[in-house]
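Have a look at the structure below before the remarks.
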Amino acid sequence: MLIDTVLFYLFALLVLGGGILTITRRSAVHSAISLIVSLLGVAGLYLLQQAEFLFAVQIVLYVGGIMVLFLFVIMLVNLDESAKQRQFNRQWLVALAAVAAVGVEVGFFFYRGKDAFQVAEAAPAMLPPGMGTTEVLSNSLFSEYLLPFEIASILLLVAVVGSVIMAKKRI
Amino acid sequence: MNFLDNIWLIPLFPLLGAALMLLLGKRLDPQPPSDVAIAPGVEPIYEHGHDHGAGEHHHDGHTHTHDHSHGHVHVHDHTVGHDHSHDHGHDAQGHGHSPLKFLIDLICPGMVLISFIYSVGAVWQLAQQSERVHEVVKFTWLAGMPFHMANGNTAIFQADWGFLLDPLSSVMILVVTGIGFLIHVYSTGYMAHDNGYYRFFGYMNLFVFFMLMLVLANNYALLFVGWEGVGLCSYLLIGFYFQKKSAGDAGKKAFVVNRVGDAGFILGMLLMLSVLGTVKFTDVRAALATGQFQAETAGFGVLSVMTLLLFIGATGKSAQFPLYVWLPDAMEGPTPVSALIHAATMVTAGVYMVARSSALFQLTPSTLTVVATVGAFTAILAATIALVQNDIKRVLAYSTVSQLGYMFLALGVGAYWVAVFHLFTHAFFKALLFLGSGSVIHALSGEQDMRHMGALRKKIPITYATMWIGSVAIAGIPGLAGFFSKDQILGETYTSAQGSHFLYVVGLITAGMTAFYMWRLMYLTFYGQSRVKPEVEAHIHESGPAMTVPLMILALGSVTAGYLSTPKVWNLPQAFHTFESWLGPVFATAATEAMKEGESSSSLEWILMGLSVAIAVIGITIARYFYCHKPHIPETLSQTLKPLHGLLYNKWYVDEVYDFLFVNGLCKGGGELCGAFDRNVVDGGVNGAGWLTRFSSTVSMWWDTWIVDGAVRFGSFFVKMMSYPVCMLQTGRVQAYAFFVVVGALAFLGYFVVR
Amino acid sequence: MHPISTVHYLVLSAALLLIGTVGVLTRRNVVIILMSIELILNAVNINLVAFSHALPPLDGLPNMRGQVFAIFVITDAVAEAAVGLGILIALFRNKETVLADEIDLLKW
Numbered sequence: 000m001l002i003d004t005v006l007f008y009l010f011a012l013l014v015l016g017g018g019i020l021t022i023t024r025r026s027a028v029h030s031a032i033s034l035i036v037s038l039l040g041v042a043g044l045y046l047l048q049q050a051e052f053l054f055a056v057q058i059v060l061y062v063g064g065i066m067v068l069f070l071f072v073i074m075l076v077n078l079d080e081s082a083k084q085r086q087f088n089r090q091w092l093v094a095l096a097a098v099a100a101v102g103v104e105v106g107f108f109f110y111r112g113k114d115a116f117q118v119a120e121a122a123p124a125m126l127p128p129g130m131g132t133t134e135v136l137s138n139s140l141f142s143e144y145l146l147p148f149e150i151a152s153i154l155l156l157v158a159v160v161g162s163v164i165m166a167k168k169r170i
Numbered sequence: 000m001n002f003l004d005n006i007w008l009i010p011l012f013p014l015l016g017a018a019l020m021l022l023l024g025k026r027l028d029p030q031p032p033s034d035v036a037i038a039p040g041v042e043p044i045y046e047h048g049h050d051h052g053a054g055e056h057h058h059d060g061h062t063h064t065h066d067h068s069h070g071h072v073h074v075h076d077h078t079v080g081h082d083h084s085h086d087h088g089h090d091a092q093g094h095g096h097s098p099l100k101f102l103i104d105l106i107c108p109g110m111v112l113i114s115f116i117y118s119v120g121a122v123w124q125l126a127q128q129s130e131r132v133h134e135v136v137k138f139t140w141l142a143g144m145p146f147h148m149a150n151g152n153t154a155i156f157q158a159d160w161g162f163l164l165d166p167l168s169s170v171m172i173l174v175v176t177g178i179g180f181l182i183h184v185y186s187t188g189y190m191a192h193d194n195g196y197y198r199f200f201g202y203m204n205l206f207v208f209f210m211l212m213l214v215l216a217n218n219y220a221l222l223f224v225g226w227e228g229v230g231l232c233s234y235l236l237i238g239f240y241f242q243k244k245s246a247g248d249a250g251k252k253a254f255v256v257n258r259v260g261d262a263g264f265i266l267g268m269l270l271m272l273s274v275l276g277t278v279k280f281t282d283v284r285a286a287l288a289t290g291q292f293q294a295e296t297a298g299f300g301v302l303s304v305m306t307l308l309l310f311i312g313a314t315g316k317s318a319q320f321p322l323y324v325w326l327p328d329a330m331e332g333p334t335p336v337s338a339l340i341h342a343a344t345m346v347t348a349g350v351y352m353v354a355r356s357s358a359l360f361q362l363t364p365s366t367l368t369v370v371a372t373v374g375a376f377t378a379i380l381a382a383t384i385a386l387v388q389n390d391i392k393r394v395l396a397y398s399t400v401s402q403l404g405y406m407f408l409a410l411g412v413g414a415y416w417v418a419v420f421h422l423f424t425h426a427f428f429k430a431l432l433f434l435g436s437g438s439v440i441h442a443l444s445g446e447q448d449m450r451h452m453g454a455l456r457k458k459i460p461i462t463y464a465t466m467w468i469g470s471v472a473i474a475g476i477p478g479l480a481g482f483f484s485k486d487q488i489l490g491e492t493y494t495s496a497q498g499s500h501f502l503y504v505v506g507l508i509t510a511g512m513t514a515f516y517m518w519r520l521m522y523l524t525f526y527g528q529s530r531v532k533p534e535v536e537a538h539i540h541e542s543g544p545a546m547t548v549p550l551m552i553l554a555l556g557s558v559t560a561g562y563l564s565t566p567k568v569w570n571l572p573q574a575f576h577t578f579e580s581w582l583g584p585v586f587a588t589a590a591t592e593a594m595k596e597g598e599s600s601s602s603l604e605w606i607l608m609g610l611s612v613a614i615a616v617i618g619i620t621i622a623r624y625f626y627c628h629k630p631h632i633p634e635t636l637s638q639t640l641k642p643l644h645g646l647l648y649n650k651w652y653v654d655e656v657y658d659f660l661f662v663n664g665l666c667k668g669g670g671e672l673c674g675a676f677d678r679n680v681v682d683g684g685v686n687g688a689g690w691l692t693r694f695s696s697t698v699s700m701w702w703d704t705w706i707v708d709g710a711v712r713f714g715s716f717f718v719k720m721m722s723y724p725v726c727m728l729q730t731g732r733v734q735a736y737a738f739f740v741v742v743g744a745l746a747f748l749g750y751f752v753v754r
Numbered sequence: 000m001h002p003i004s005t006v007h008y009l010v011l012s013a014a015l016l017l018i019g020t021v022g023v024l025t026r027r028n029v030v031i032i033l034m035s036i037e038l039i040l041n042a043v044n045i046n047l048v049a050f051s052h053a054l055p056p057l058d059g060l061p062n063m064r065g066q067v068f069a070i071f072v073i074t075d076a077v078a079e080a081a082v083g084l085g086i087l088i089a090l091f092r093n094k095e096t097v098l099a100d101e102i103d104l105l106k107w
């Protein structure tokens, strides 16, 4: 379907472009905005994969929560001086080379295994009418994956406590 | 009583005397302390100005119970040799010898007298027998042990404690006991003031015992016991004044030089065992008489070696060249010792032994030639040395060596009985001369240097008279003993088949020198101006009866003993030829008969007799001329002929050569070698072991320090070295660590790439 | 053009991962590093959702397992971002710097 292809490439462009911009901007705010763009692209990709809940969660949580948090912290921490500093550290070249090597290897794996993904063309299952993917997701989440869910909630609790303590002026 | 069967008792009497002396003597004669130093250069000490006129000094032998209230110490002049016959322990309070001293005088000479009487009895009984051989075996001393002889036969070695009395040994025992008794009596006077009186007599008796064992033995082994024993007693008596170093050295020298000869004797005995299978005299003679052994006229055979070895033993004991060097030094002993041991008896043991082995020697003409040559050479050598000596006893010592040379010359030319005859007469006049010189020395309070004597003729007349007789006898003037024996020797040398004219000439010249030096001695001592030291001169005194009576008896013997064998051409009755007939059977073997073919014509005998008398007279005349009429001639001669005089005066430097060769070379050099061996090899080994231990410990330490500790340190070093690059990795920067994670992932993926 | 298959998503995901890794390793500013970490997490999410979409149905219903996993990853990312920023604030308060290069207290 053509529209899928176009949308995919559009969203892919958003994602990758945003990512590249994120890592190359001098100003932190610019990086944050670029990251938001990238995350929005990722959300679009979720939608193309029929992951509506994740699309929503991505927007709300990631962009609305985390990125806002990032922006708050950027504002809190005065990054003007650091914007004047050198942005890339001294190991950038060798790091780039290593990552490029990894990329080559991954490409090699893709090339060797591209025939293993025939399974990708299986027909998607038909949802019963009136049931959305969210319902299926929640069914799975609260029955099969209840324990990880609870643990994740504890994790969040710990994170809350931890971040409060980390940010206190005096413990 | 049967003396013959009891001849084993003859040696035992003096042995008893010796045992008594050495066990009880100290109690009989407690030693007064001798506190006057016997050291060179000690100032003469006078305690009392004493008038020792002749006869006042009662030195009679048996009444020595007096205490010497007048202590006297005699002057010592140490330039020449010294006779320490005089006691040094008398001090003013005069506690001298114990009252029991006379017992010693009784016991010891008495024992010898008993032996003498016994010997006379035994000889008398022997003379009655037709077969004049008597053997008494007491017990088997060394039991029989079978062994293999050289020719493969088995023989049994057996040495008995056996005694053999035949004419030869009878002569010897009479000489030993008779002259020994006289000398013992003399010593009671001479040694009266000495410490160790009992010790002296004990040793003298012991000596007589051993000498009698020697001459009475019936086999070589027992003879050798006596041989060694007299050597021991000689050492003990020479070193009697043991506080003096020279006396001790002389004793050691005598013993060691004797030992050299004894080695030859033992080898000869062993060879005899191997060849003949026996050491018994009668058996040896029997073995030789079987005709198994031919006379070894051509060169040296096994018998010649045997006899040569035996002769080497005789050379040591009887002071022939080259083993004569101990006899002059033996004059360190007391004069009676010199008289008995080194003039009359011990030194004649060699002659006796060769005479006893005549059966052997007859079969070995080459050895006999050696014996004769050595004897003649020694005679003339000793005579040359005696010409220039200044010590009276030294002159007599060299004279003894010279006369012994004569005896061996006689043995060497086959005239055995003549040698024994000369031994017999020589015992008389040599003992006389020694005792007389002892009397002179006693009169001069210890002076022995003839340069400090002179004009003693009137002062000690008895001594002078007896010494005059002795000197005439030794010079060989007809009518006295020496002439008969010496003339016989010279005659046999000239005429015998073994002899030679050359040896005769040597003997003749020696006779002349003998006359010369003996009369030089007489003139220097008794005639001329008195050169006596003033402090001695006052004390000159004639000796007491204990000393003079033996002198007189010996003088009588010197005159009469010779008549036992007068020359044939004098045609005297048979009684005057007893010696030859007495000893003849002992030496009679087939070979002896063959040797006797040199019967001379009577005119030759007269000529030879005349020659020997003439040369003696010439010698005496020259001596008279030199020392009586023109005393300065000897001095000028000694100056002009200084090298020759020095050579003679220093005894041809033989002692120095021996010193260099053997003492310093062999002994000290050997000692040095052993010391060097010990220091370098043995101690070197020990030191090396120690060094090795230290070295190994050093190596161990090195190992421990460098290898073991090094390994440990290397570990830590390695870690430290490794830590430097590792440190570099710990930058503290998180991004660096993240980078390593990526690199790790790269490697991990790379594994799957290549797989 | 080919129809979009799972592979495309996977390649995209790999590319985003690599970009995020470069950002982590290269940038000095800690805030940017944290953002790069978010990129990496998102790349993972894309991967999970792609596979979830490709899985065969489960009990007649579409297979949601990948999405569930993605939810948990998002949860994790949230918690981690919060705590990380709290650490950043604490760090800034103590060290006056947000540059990763200058925080090397653990250096040897």
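Top line first, the protein sequences correspond to chains A, B and C. FYI, in numbering that gives the first Met the number 0 the residues of the first sequence are 0 to 170. FYI, in numbering that gives the first Met the number 0 the residues of the second sequence are 0 to 754. FYI, in numbering that gives the first Met the number 0 the residues of the third sequence are 0 to 107. Even for Gly, the Cβ is constructed at its ideal location relative to N, Cα and C. Nothing here was measured: the structure is a model prediction, and the numbers come from that model.
Contact of Gln90(A) with chain B by beta-carbon distance below 9 Å involves Arg732, Gln734, Ala735, Phe738. The criterion of a C-beta distance shorter than 8 Å is not satisfied by Tyr61(A) and Ile36(C). Chain C has no Cβ within less than 8 Å of the Cβ of Tyr110(A). Between Val122(B) and Pro13(B), the gap from beta carbon to beta carbon reaches 8 Å or more.
Taking 7 Å as the Cβ-Cβ cut-off, the stretch 7-30 of chain C approaches chain B at Thr20, Val23, Leu24, given in chain order.
Legend: CB atoms of the stretch 58-80 of chain A lying less than 7 Å from CB atoms of chain C belong to residues Leu60, Tyr61, Gly64, Ile65, Leu68, Phe69, Val72, Ile73, Leu75, Val76, Leu78. When rounded, the separation of the alpha-carbon atoms in Ala158(A) and Met34(C) is 18 Å. One thing to note: Met190(B) has its Cβ no nearer than 8 Å to the Cβ of Ile103(B).
Using a CB distance below 8 Å, the part of the stretch 86-105 of chain C facing chain A consists of Ile86, Leu87, Ile88, Ala89, Phe91, Arg92, Thr96, Val97, Leu98, Ala99, Asp100, ordered along the chain. In this structure, Val733(B) sits away from Ala14(C), with a CB-CB distance that is not shorter than 8 Å. For Lys137(B), the enclosing beta strand (DSSP E) covers residues 133-147. Distance from the CA of Ile459(B) to the CA of Met546(B), rounded to the nearest whole angstrom, comes to 12 Å. In the three-state reduction of the DSSP assignment, Asp390(B) falls in the strand class. Counting of Cβ neighbours within 10 angstroms places Asp114(A) among the exposed residues, the total staying below 16. From the listed residues Phe292(B), Ser317(B), Tyr219(B), Phe206(B), the smallest Cα separation to Arg258(B) is found for Ser317(B).
Under a criterion of Cβ atoms nearer than 9 Å, the residues of chain B adjacent to Ala94(A) are, in order, Gln734, Ala737, Phe738, Val741. Under the Cβ distance rule, Ala744(B) counts among the residues neighbouring chain A, one pair being separated by less than 8 Å. In the DSSP assignment, Ala154(B) falls within the unbroken beta strand (DSSP E) covering 153-164. For Arg64(C), the enclosing alpha helix (DSSP H) stretches over residues 64-94. Boundaries of the alpha helix (DSSP H) harbouring Arg111(A): 91-112, taken from the DSSP string. Across the set Ser499(B), Lys392(B), Lys279(B), Val370(B), the C-alpha of Lys279(B) shows the shortest separation from the C-alpha of Gly143(B). Under DSSP, the beta-bridge partners assigned to Asn28(C) are Leu98(C). The Cβ atoms of Ser186(B) and Pro335(B) lie closer than 8 Å to each other.
Relative to the Cα of Phe68(C), the nearest Cα in the group Met165(A), Ile164(A), Lys168(A), Phe141(A) belongs to Phe141(A). Assignment of Asn218(B) by DSSP, reduced to helix, strand and coil, places it in the strand class. Close partners of Ser142(A) in chain C (Cβ separation under 8 Å) are lacking, with about 11 Å as the shortest Cβ gap. Under the DSSP assignment, Ala378(B) falls in the alpha helix (DSSP H) whose first and last residues are 364-385. The stretch 214-233 of chain B makes no contact with the stretch 473-484 of chain B, as fewer than three CB pairs between them are under 8 Å.
For Asp328(B), the enclosing alpha helix (DSSP H) starts and ends at 325-328. Taking one beta carbon from each stretch, the stretch 609-626 of chain B and the stretch 503-511 of chain B have 3 or more pairs nearer than 8 Å; the two touch. Around the beta carbon of Leu92(A), a 10 Å sphere encloses fewer than 16 other beta carbons of the protein chains shown; the residue is thus reported as exposed. Close CB contacts of Phe7(A) within its chain, under the 7 Å cut and outside five residues either way in sequence, are with Leu47 (chain order). Remark: fewer than three beta-carbon pairs, one from each stretch, lie closer than 8 Å, so the stretch 65-75 of chain A and the stretch 48-55 of chain A are not flagged as touching.
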